[in-house]
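Here's the structure, in structure tokens; my notes come after.
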């Protein structure tokens with residue numbers, strides 16, 4: 118089983134996670150820029166964070182044969198903080214980078230006017246840089262949040278087929294499917310979506326435009342729930358080809374629209390530093 122996790126926050130995961138993921142069949146990941154769990158105090162802190170997403174993190178992943186890509190954005194939660202708003206002016210510098218395959222996460226957290234402005238501005242950047250967009254839907258009042266999200270996407274002029282609306286559930290799946298956008302589902306231990314519920318949605322709606330991710334971060338989450346979803350699909354009677362479509366070909370198709378998805382030479386063995394014995398080669402001087 119080959120797996121492409123299209124939404125996972127590896128900055129907050131350990132090297133052991135990379136090792137376990139590689140052993141489970143995860144060969145590529147996309148890491149969206151997101152909230153770190155506490156407020157950032159200036160736009161300058163985003164510069165270091167974005168640099169790590171396109172520098173250190175791909176290097177760390179590569180030691181285990183995992184290809185790492187990123188999406189870059191001012192996330193919805195911090196769009197409300199005036200100290201972070203200047204980040205919007207930093208984004209063009211990063212949206213030109215080869216390993217950046219979309220603008221994201223963008224969208225709504227609390228559905229404030231500030232989030233409206235940041236969302237629209239970053240959809241405009243996606244259009245200007247010819248990149249797909251990864252959209253976060255709010256954890257509260259999700260149906261209204263999806264309706265508002267889809268209205269802003271339609272107003273932006275971006276092709277719906279270049280947008281994935283993420284963190285969906287049974288209440289929002291049909292709304293997003295009918296919009297022409299891609300559908301993202303985050304598989305979590307306690308919240309969002311489970312492998313079994315995901316199987317039922319795949320039975321009802323099919324495998325087209327469906328993306329399954331772990332969205333694993335610093336909270337209670339599991340980077341191997343993509344694998345668990347594939348196993349649940351097989352147990353429910355889906356074919357190996359169905360699983361490959363959902364867990365590999367669909368994310369490749371979506372992020373491939375960036376023109377930057379280099380998946381060559383994925384079978385590179387994990388490297389060990391011969392001087393230190395460390396499984397992560399030391400970068401820098």
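Numbering (my numbering), first residue to last: 118 to 402. Quick reminder that beta carbons are idealized off the backbone N, C-alpha and C, glycines included. Only a predicted model underlies this, so the values are computations on that prediction, with no experimental measurement involved.
If distances are taken between C-alpha atoms only, which option among the options comes closest to residue i?
{"i": "residue 315", "options": "142, 334 and 347", "result": "347"}
{"i": "residue 198", "options": "156, 352 and 207", "result": "156"}
{"i": "residue 117", "options": "383, 305 and 326", "result": "What the structure shows of the chain is the stretch from 118 to 402, and residue 117 is not part of that stretch, so it cannot be assessed."}
{"i": "residue 190", "options": "219, 138 and 341", "result": "219"}
{"i": "residue 355", "options": "320, 365 and 295", "result": "320"}
{"i": "residue 167", "options": "367, 154 and 148", "result": "148"}
{"i": "residue 163", "options": "133, 181, 195 and 182", "result": "195"}
{"i": "residue 272", "options": "133, 296, 291 and 258", "result": "296"}
{"i": "residue 367", "options": "259, 298, 310 and 255", "result": "298"}
{"i": "residue 150", "options": "205, 131, 179 and 312", "result": "205"}
{"i": "residue 279", "options": "288, 267 and 286", "result": "267"}
{"i": "residue 158", "options": "176, 152, 288 and 201", "result": "201"}
{"i": "residue 286", "options": "311, 277 and 276", "result": "311"}
{"i": "residue 291", "options": "179, 318, 256 and 152", "result": "318"}
{"i": "residue 179", "options": "132, 154 and 152", "result": "132"}
{"i": "residue 363", "options": "242, 338, 284 and 324", "result": "324"}
{"i": "residue 262", "options": "242, 283, 154 and 276", "result": "283"}
{"i": "residue 338", "options": "307, 255 and 358", "result": "307"}
{"i": "residue 313", "options": "277, 281 and 353", "result": "353"}
Is residue i close to chain C? Criterion is C-beta to C-beta, closer than 8 Å.
{"i": "residue 163", "result": "The structure shown contains no chain C; it holds only a single protein chain."}
Ordered along the chain, which non-local residues of its own chain (more than five positions away) have a Cβ less than 7 Å from that of residue i?
{"i": "residue 265", "result": "225 and 228"}
{"i": "residue 174", "result": "127, 128, 148 and 185"}
{"i": "residue 203", "result": "160"}
{"i": "residue 375", "result": "218, 219, 248 and 249"}
{"i": "residue 183", "result": "135, 138, 139, 143, 144, 145 and 146"}
{"i": "residue 401", "result": "The pLDDT assigned to residue 401 is 41, lower than 50, so where the model puts this residue is not dependable; a value taken from the coordinates is nonetheless given after this. Once the five neighbours on either side are set aside, residue 401 has no close Cβ partner at all."}
{"i": "residue 360", "result": "118, 347, 350 and 351"}
{"i": "residue 336", "result": "none"}
{"i": "residue 130", "result": "333 and 340"}
{"i": "residue 207", "result": "160, 163 and 164"}
{"i": "residue 154", "result": "335"}
Beta-carbon within less than 6 Å of residue i's beta-carbon, same chain only, minus the 5 sequence neighbours each way: which residues are those?
{"i": "residue 171", "result": "187, 214 and 216"}
{"i": "residue 239", "result": "190, 220 and 223"}
{"i": "residue 193", "result": "224, 225, 226, 232 and 253"}
{"i": "residue 118", "result": "142 and 347"}
{"i": "residue 377", "result": "215 and 218"}
{"i": "residue 330", "result": "122, 123, 124 and 303"}
{"i": "residue 392", "result": "Unreliable placement is indicated for residue 392, whose pLDDT of 40 sits below 50; the coordinate value is still reported in the next sentence. Hits under 6 Å: none found."}
{"i": "residue 365", "result": "119 and 121"}
The beta strand (DSSP E) with residue i in it runs from where to where?
{"i": "residue 331", "result": "Run containing residue 331: none; DSSP gives neither H nor E here."}
{"i": "residue 302", "result": "299–303"}
Between residue i and residue j, how many whole angstroms is the CB-CB distance? I'm expecting something under 8 Å.
{"i": "residue 341", "j": "residue 371", "result": "At roughly 22 Å, the Cβ-Cβ gap does not stay under 8 Å, so residue 341 and residue 371 are not in contact."}
{"i": "residue 332", "j": "residue 125", "result": "6 Å"}
{"i": "residue 244", "j": "residue 274", "result": "6 Å"}
{"i": "residue 309", "j": "residue 289", "result": "The pair is not a contact, with the Cβ atoms about 11 Å apart (cut-off 8 Å)."}
{"i": "residue 383", "j": "residue 369", "result": "With a Cβ gap of about 11 Å, residue 383 and residue 369 do not count as contacting."}
Could you pull out every residue in the same chain whose Cβ sits closer than 8 Å to the Cβ of residue i, ignoring the five residues on either side in sequence?
{"i": "residue 246", "result": "209, 212, 213 and 220"}
{"i": "residue 269", "result": "233, 236, 237 and 240"}
{"i": "residue 134", "result": "127, 333 and 340"}
{"i": "residue 294", "result": "300, 322 and 326"}
{"i": "residue 394", "result": "With a pLDDT of 45 at residue 394, under the threshold of 50, the modelled position of this residue cannot be trusted, and the question is left open."}
Considering just the uninterrupted stretch of the alpha helix (DSSP H) at residue i, what are its terminal residues?
{"i": "residue 148", "result": "No alpha helix (DSSP H) contains residue 148, which is instead part of the beta strand (DSSP E) from 143–149."}
{"i": "residue 187", "result": "Where residue 187 is concerned, there is no enclosing alpha helix (DSSP H), although the beta strand (DSSP E) it sits in stretches over 184–189."}
{"i": "residue 120", "result": "Here residue 120 belongs to no alpha helix (DSSP H); instead the beta strand (DSSP E) covers 120–122."}
{"i": "residue 194", "result": "Note, residue 194: premise wrong, no alpha helix (DSSP H); not H, not E."}
{"i": "residue 310", "result": "That residue, residue 310, is in no alpha helix (DSSP H); it is neither H nor E in DSSP."}
{"i": "residue 290", "result": "290–296"}
{"i": "residue 171", "result": "161–171"}
{"i": "residue 326", "result": "Unbroken run through residue 326: none, as it is neither H nor E."}
{"i": "residue 383", "result": "Where residue 383 is concerned, there is no enclosing alpha helix (DSSP H), given that its DSSP letter is neither H nor E."}
{"i": "residue 207", "result": "204–212"}
Which runs of the beta strand (DSSP E) fall wholly inside the segment 218–285 and span at least 3 residues, in chain order? The DSSP assignment places complete beta strand (DSSP E) segments of no fewer than 3 residues inside the segment 218–285 at 250–253 and 280–282, in order along the chain.
Which runs of the alpha helix (DSSP H) spanning at least 4 residues fall entirely within the segment 333–373, listed in chain order? Fully enclosed alpha helix (DSSP H) runs of 4 or longer: 342–352, 357–361 and 367–373.
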